[in-house]
Amino acid sequence: MKIAILGTGNLGYSIALGLLSQSDFKLKNLYLTKRNITSLESWSKLPNIKISTDNKKAVRFSDVIILAVQPKHLSGVLNEIKDLINPKRHTIISVVTGRKILEIEKMLGMEVAIVRGMPNTAISVGQSMTCLSANKLGKNNIEFAKTIFNSLGKTMCIEESLMQSATVICASGIAFWMRLIRATAQGAVQLGFHAEEAQELAVQTCLGAASLLVKSGNHPEQEIDKVTTPSGCTIEGLNEMEHQGLSSSIIRGLVASFEKINQI
Ligand SMILES: NC(=O)c1ccc[n+]([C@@H]2O[C@H](COP(=O)([O-])OP(=O)(O)OC[C@H]3O[C@@H](n4cnc5c(N)ncnc54)[C@H](OP(=O)(O)O)[C@@H]3O)[C@@H](O)[C@H]2O)c1
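Those letters in the sequence shown? Residues 218 to 481, by this note's numbering.
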């Protein structure tokens with residue numbers, strides 16, 4: 218398998234790390250491009266890895282092209298490579314935020330296999346929740362895209378019409394969860410812990426809660442029932458949070474974020 222990553226910035230770099238950790242497919246060549254390649258120089262010593270500023274060369278030598286540039290750079294990159302795209306050979310995987318498959322097809326002026334991916338920043342620690350959708354041709358290759366992103370967390374295949382919703386829940390979701398963790402840590406400081414201890418307590422408890430659901434497959438309320446003694450302190454705190462609008466404010470925040478993303 219010959220793969221090119223066009224735009225090896227934060228996300229492209231993480232994807233490259235994920236690809237290198239994959240033993241499910243044979244990586245023959247990995248082309249990494251960016252405009253200034255100084256930050257990638259250490260990679261050029263690795264076998265089968267080529268570093269370049271030349272997107273055209275990368276496309277010529279690859280079967281799979283991963284687009285990981287900022288949205289404002291996408292049309293320039295596609296213009297540069299479109300004459301070299303061969304629909305019989307190439308599969309395009311785009312992780313460019315907000316750019317629809319149809320837009321990419323239009324910019325390329327052809328129908329080619331395209332998979333669109335929406336990872337989140339936890340991809341850099343191999344814990345992304347990545348949503349994938351594909352056009353008709355891309356559906357044949359979606360398993361391959363899943364293999365890549367499964368090496369960097371979890372994947373879910375969704376209809377492209379749900380991509381904005383997925384962006385709110387999973388990409389913006391990182392920020393929402395960070396705030397919940399921060400609020401817990403602030404409470405922990407008020408209850409007597411030093412800031413670093415407070416953060417450790419909040420983060421590990423959050424990880425533990427998520428792991429309980431992942432391992433058991435239970436509904437959150439089943440786990441809540443296990444820790445809410447009748448007339449106890451947990452239900453007291455939980456109900457006070459709900460009186461103050463905890464669930465409601467989260468849902469309203471998600472909807473506000475969704476409304477905003479649809480205006481951008
Ligand atoms: N970071 C995430 O976790 C995340 C999550 C979901 C989606 N995304 C999306 O993924 C894309 C990349 O995000 P990022 O955070 O990795 O951005 P980034 O760090 O800015 O990386 C973009 C890279 O593209 C390179 N580039 C710009 N023009 C180019 C060209 N003509 N040819 C080749 N390379 C070029 C830049 O190279 P130079 O540095 O040399 O200029 C830069 O390294 C964005 O569309 C973003 O919205 C990111």
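Beta carbons are placed, not taken as given, at the ideal position from N, Cα and C, and that holds for glycine.
Because the structure is a prediction, the values reported are computed rather than measured.
- The beta carbon of LEU325 sits closer than 7 Å to those of LEU295, LYS299, ILE302, all from its chain and outside the five residues before and after it, given in chain order.
- CA-to-CA, the gap between ILE309 and THR384 works out to about 20 Å.
- Look at the beta carbons and you see the stretch 321-336 touching the stretch 362-369: at least three pairs across the two are nearer than 8 Å.
- In the three-state reduction of the DSSP assignment, LEU234 falls in the helix class.
- LYS219: member of the beta strand (DSSP E) spanning 219-223, first to last residue.
- In this chain, the alpha helix (DSSP H) harbouring LEU430 covers 412-433.
- Across the structure, PHE278 and LEU237 are spaced so that their CA atoms are roughly 18 Å apart.
- Between GLU322 and GLU328, the C-beta gap is smaller than 9 Å, which places the two residues in contact.
- The Cβ atoms of ASN358 and VAL276 lie no closer than 9 Å to each other.
- Taking 8 Å as the cut-off, the C-beta of GLN287 counts as close to a heavy atom of ligand 1.
- Counted as a single uninterrupted DSSP element, the beta strand (DSSP E) harbouring THR308 occupies residues 308-311.
- If you look at ILE441, you'll find it isn't in any beta strand (DSSP E); it sits in the alpha helix (DSSP H) that goes 437-444.
- By the neighbour-count definition (other C-beta atoms within 10 Å, threshold 16), VAL444 is an exposed residue.
- GLY229 and ILE222 have their C-alpha atoms some 6 Å from each other.
- Of the heavy atoms belonging to ligand 1, none sits nearer than 8 Å to the Cβ of MET346.
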